[in-house]
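Basically my numbering = 1-based index in the sequence shown + 41.
Even for Gly, the Cβ is constructed at its ideal location relative to N, Cα and C.
Structure first, then comments.
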Amino acid sequence: MTSAGLISAMLERIAQKFQPERVILLGSHAAGEAVSQSDVDLLVILPHVTNKRQTAVAIRRVLADFPIGKNSQVIT
Numbered sequence: 042m043t044s045a046g047l048i049s050a051m052l053e054r055i056a057q058k059f060q061p062e063r064v065i066l067l068g069s070h071a072a073g074e075a076v077s078q079s080d081v082d083l084l085v086i087l088p089h090v091t092n093k094r095q096t097a098v099a100i101r102r103v104l105a106d107f108p109i110g111k112n113s114q115v116i117t
């Protein structure tokens, strides 16, 4: 699967599990400058969370099986 396909699948999984208001792709993938070692940087905007850090960890766990580096930040 291409990195674009992986990112699309990751976004679908986040949408299904967390119902975010929006997910924003950041970094080299967003800029169109990604190389094979580039990770995927995601900003996940949720309507409400009790603990942003725990939610970011939960998102990383849900995405753990994707064979690409990833970083997620959560805001409300």
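Note on geometry: alpha-carbon atoms of V103 and E74 lie some 26 Å from one another.
Inside the stretch 46-105, DSSP marks whole alpha helix (DSSP H) runs of 4 or more residues at positions 68-72 and 93-103, from first to last along the chain. Secondary structure note for I109: it is in no beta strand (DSSP E), with a DSSP letter that is neither H nor E. Non-local beta-carbon contacts of H89 in its own chain, meaning distances under 7 Å to residues more than five positions away in sequence, involve T117 in chain order.
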